[in-house]
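**Student:** All residue numbers for the sequence shown refer to my numbering, where the first residue is 1 and numbers rise by one.
One structure follows; several queries about it will come next.
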Amino acid sequence: MKKLIFLGIVFLFIACPPTAKNAARIYIQQGEYEAAKEQIMIGLQSAPNDYEYYVLLSKVEIGMADWLAATDAFYRGIAVDSGKTVNWLLSDKQNIPVYWQAFYNAAISLMNAKQYDRALKNLGYCELFDPKNVSQYILEGGIYGELGEKEKAGAAYVRALSIDPENPEAYFMVGRAKFDKGAYDSAIVDLREAEKFFLTKYDRTARIVFQNLPAVDKNISKEIMQLWGEKNEEALDVLVKVKLGFDGGLEPHRRTLEQFYKTTDGLSRAYYYTGMAYYNLRNDSLALSNFLKSLDLKADDADALYYAGEIYLKQKKYDESMKMFRKITEFREDDAYAWFYLGVNHTQKKEYQKAVEIYENKVLVLDPQNLDAMTNLAYVYREMGNNKKALEWLTKAEKLQKEQ
């Protein structure tokens with residue numbers, strides 16, 4: 001009799017397989033997200049108004065790192081039952097940081113796609129999950145900045161600083177907002193604070209990156225910035241092994257190098273905008289000093305190179321100026337303005353043949369209607385004693401000026 005009962009229980013268990021929802025949960029625990037998603041789709045066919053399927057689907061999409069799909073699934077659950085959907089996620093306390101990251105990453109993607117309303121909606125849920133996380137307020141401020149809502153942007157940055165008074169990115173964004181308004185003196189105050197706190201983070205991260213070397217190597221640092229910006233992982237892997245001395249290569253140190261890149265880039269941007277504030281205040285000396293600090297961290301910043309080159313030209317330091325503009329042409333061969341200022345430097349140095357070659361073979365090839373290049377050519381040819389060519393270029397310049 002006992003044997004028959006046992007067999008009957010086994011039969012009933014086999015005859016009543018787990019529901020699609022339970023199967024999905026098991027697959028999620030095992031990290032088999034495709035199989036879990038398949039079960040959820042089966043379940044939704046018979047229960048399209050079951051909010052739990054949507055929150056499970058959200059977890060699956062997070063597991064597959066599809067942030068937009070994850071938040072879309074969550075919003076479908078909200079449409080079915082907002083209270084239960086939100087409470088379900090909030091009650092899963094162990095995974096709240098994961099949900100925050102999903103909504104934050106989705107907000108970044110939506111911002112980049114200029115879907116600002118959707119991005120802000122996601123950040124609203126970020127705040128629900130973790131109201132003390134500064135990153136969401138900085139991103140929020142950036143979105144409002146893109147929308148031209150300066151007051152709301154400023155309020156978001158102030159909120160960030162109220163939570164983290166030493167946050168360099170928040171200080172930078174406040175300074176940048178003041179810079180955009182033309183309040184240069186006030187912008188410098190906040191940008192200096194950004195520099196101070198970025199520098200603290202930079203020193204801390206740099207010590208980790210360069211722990212196998214006697215000191216921070218500026219040339220290797222610039223190479224890291226360039227390769228990371230280019231997403232050249234193969235070269236980065238070699239650099240980490242050969243120049244930084246880490247046997248494991250890039251992968252075990254990816255997050256550290258990413259943090260180093262972001263912090264170095266942030267510090268470089270702070271120096272650049274401080275330089276631009278001084279530039280607009282007509283303080284060329286302090287402007288140049290900050291541009292050079294920026295370039296010492298990020299050697300291929302075209303804007304910093306351009307303005308540093310311009311100031312050197314005004315100071316009649318032609319070789320230094322040419323170094324800046326030549327650097328731009330090395331990674332932007334089609335930059336007509338950089339070529340033009342190289343030509344101007346050669347003109348000032350009375351290296352007229354070199355100037356002619358640049359104006360005719362570079363600038364006017366890239367920008368056939370560059371009036372300044374034509375006028376300069378007329379001047380250069382006159383100085384060379386070729387009045388025929390001087391008149392030819394002067395005539396072309398006058399004709400173009402009338403047409404414009």
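For each residue, glycine too, the CB sits at the ideal point set by N, CA and C.
In the DSSP assignment, find the alpha helix (DSSP H) that holds residue 86 and state where it starts and stops.
**Tutor:** Note, residue 86: alpha helix (DSSP H), 82 to 91.
**Student:** Leaving out five residues before and five after residue 406 in sequence, what residues of the same chain have Cβ atoms less than 8 Å from its Cβ?
**Tutor:** Here the chain comprises residues numbered 1 to 404, so residue 406 is not present and cannot be evaluated.
**Student:** Assign residue 192 to one of two classes, buried (16 or more other C-beta atoms within 10 Å of its C-beta) or exposed (fewer than that).
**Tutor:** Under this definition residue 192 is an exposed residue.
**Student:** What's the C-alpha gap between residue 31 and residue 38?
**Tutor:** Distance between the alpha carbons of residue 31 and residue 38 is about 13 Å.
**Student:** Do the region 280 to 296 and the region 199 to 210 touch if we need at least three Cβ pairs shorter than 8 Å?
**Tutor:** They do not touch, by the three-pair rule.
**Student:** Which runs of the beta strand (DSSP E), 3 residues or longer, sit entirely within the region 290 to 377?
**Tutor:** Listed in chain order, nothing qualifies, since the region 290 to 377 has no complete beta strand (DSSP E) run of 3 or more residues.
**Student:** Might you give, ordered along the chain, the residues of its own chain that have their beta carbon closer than 6 Å to the beta carbon of residue 51, omitting 5 neighbours on each side?
**Tutor:** The answer, listed in chain order, is 77, 80, 81, 84, 85.
**Student:** Around the C-beta of residue 182, are 16 or more other C-beta atoms found within 10 angstroms, so that it is buried, or is it exposed?
**Tutor:** Residue 182 should be labelled exposed.
**Student:** Inspect the beta-carbon positions of residue 272 and residue 301 and report whether they are closer than 8 Å.
**Tutor:** Their beta carbons are under 8 Å apart, which means residue 272 touches residue 301 by this criterion.
**Student:** Evaluate residue 232 with the Cβ neighbour count: other Cβ atoms within 10 Å of its Cβ, from every protein chain shown; 16 or more gives buried, anything less gives exposed.
**Tutor:** With fewer than 16 other Cβ atoms within 10 Å, it is exposed.
**Student:** With distances taken between CB atoms, is the gap from residue 261 to residue 224 smaller than 8 Å?
**Tutor:** Going by C-beta atoms, residue 261 is nearer than 8 Å to residue 224.
**Student:** Would you call the region 339 to 349 in contact with the region 361 to 380, where contact means no fewer than 3 C-beta pairs closer than 8 Å?
**Tutor:** With a cut-off of 8 Å, the region 361 to 380 and the region 339 to 349 count as touching, because enough Cβ pairs lie within range.
**Student:** Using DSSP with H/G/I as helix, E/B as strand and the rest coil, what is residue 207?
**Tutor:** Here residue 207 sits in helix by DSSP.
**Student:** Excluding sequence positions up to five away, which residues of its chain have a Cβ less than 6 Å from the Cβ of residue 2?
**Tutor:** Residue placement at residue 2 is flagged as unreliable, the pLDDT there being 36, under the threshold of 50; a coordinate-derived value is accordingly withheld.
**Student:** Comparing C-alpha positions only, which one of 164, 118, 168, 132 sits nearest to residue 144?
**Tutor:** The candidate whose alpha carbon is nearest that of residue 144 is 118.
**Student:** Give the range of the alpha helix (DSSP H) segment to which residue 270 is assigned.
**Tutor:** Residues 254 to 280.
**Student:** Put residue 418 into one of helix, strand or coil per three-state DSSP.
**Tutor:** Not covered by the structure: residue 418. The range shown for the chain is 1 to 404.
**Student:** Is residue 391 closer than 8 Å to residue 374 when the C-beta atoms are compared?
**Tutor:** The answer is no: Cβ separation not under 8 Å.
**Student:** Please list, in chain order, all residues of the same chain as residue 126 whose beta carbon is under 6 Å from its beta carbon, the five residues on each side excluded.
**Tutor:** Excluding sequence neighbours, residue 126 sits near 100, 103, 104, 136.
**Student:** If you run the structure through DSSP and keep just helix, strand and coil, what is residue 195?
**Tutor:** It is helical.
**Student:** Do residue 107 and residue 139 have their CB atoms nearer than 8 Å?
**Tutor:** A contact, by the Cβ cut-off of 8 Å.
**Student:** By DSSP, does residue 243 sit in helix, in strand, or in coil?
**Tutor:** Correct three-state label for residue 243: coil.
**Student:** Could you spell out the range, first to last residue, of the alpha helix (DSSP H) harbouring residue 215?
**Tutor:** No alpha helix (DSSP H) contains residue 215, which DSSP labels as neither H nor E.
**Student:** Roughly how many angstroms separate the alpha carbons of residue 308 and residue 97, rounded to a whole number?
**Tutor:** If you take the alpha carbons of residue 308 and residue 97, they lie about 44 Å apart.
**Student:** Give the single residue among 196, 323, 175, 195 whose Cα lies nearest to the Cα of residue 186.
**Tutor:** Ranking the options by Cα distance to residue 186, first place goes to 175.
**Student:** Could you give the C-beta distance for residue 47 and residue 58, rounded to a whole number, given that I count them as a contact under 8 Å?
**Tutor:** Not quite, the Cβ-Cβ distance comes to about 16 Å (not below 8 Å), so this is no contact.
**Student:** Quick one: what does DSSP say residue 19 is sitting in, helix, strand or coil?
**Tutor:** Residue state, collapsed to three classes: coil.
**Student:** Going by DSSP, what residue range makes up the alpha helix (DSSP H) through residue 168?
**Tutor:** Where residue 168 is concerned, the enclosing alpha helix (DSSP H) stretches over 168 to 180.
**Student:** Helix, strand or coil: which one does DSSP assign to residue 64?
**Tutor:** Residue state, collapsed to three classes: coil.
**Student:** Can you list, in chain order, the residues of its chain with a C-beta nearer than 7 Å to that of residue 385? Leave out the 5 residues immediately preceding and following it.
**Tutor:** Cβ within range, chain order: n/a, list empty.
**Student:** Quick check on DSSP: helix, strand or coil for residue 154?
**Tutor:** The answer is helix: DSSP assigns residue 154 an H, G or I state.
**Student:** Does DSSP classify residue 122 as helix, strand or coil?
**Tutor:** Correct three-state label for residue 122: helix.
**Student:** Please report how far the alpha carbon of residue 387 lies from the alpha carbon of residue 396, in whole angstroms.
**Tutor:** Those two C-alpha atoms are separated by around 14 Å.
**Student:** What's the C-alpha gap between residue 331 and residue 368?
**Tutor:** Answer to the nearest angstrom: the Cα atoms are 21 Å apart.
**Student:** In this structure, does DSSP put residue 404 in helix, strand or coil?
**Tutor:** In this structure, residue 404 counts as coil in the three-state DSSP scheme.
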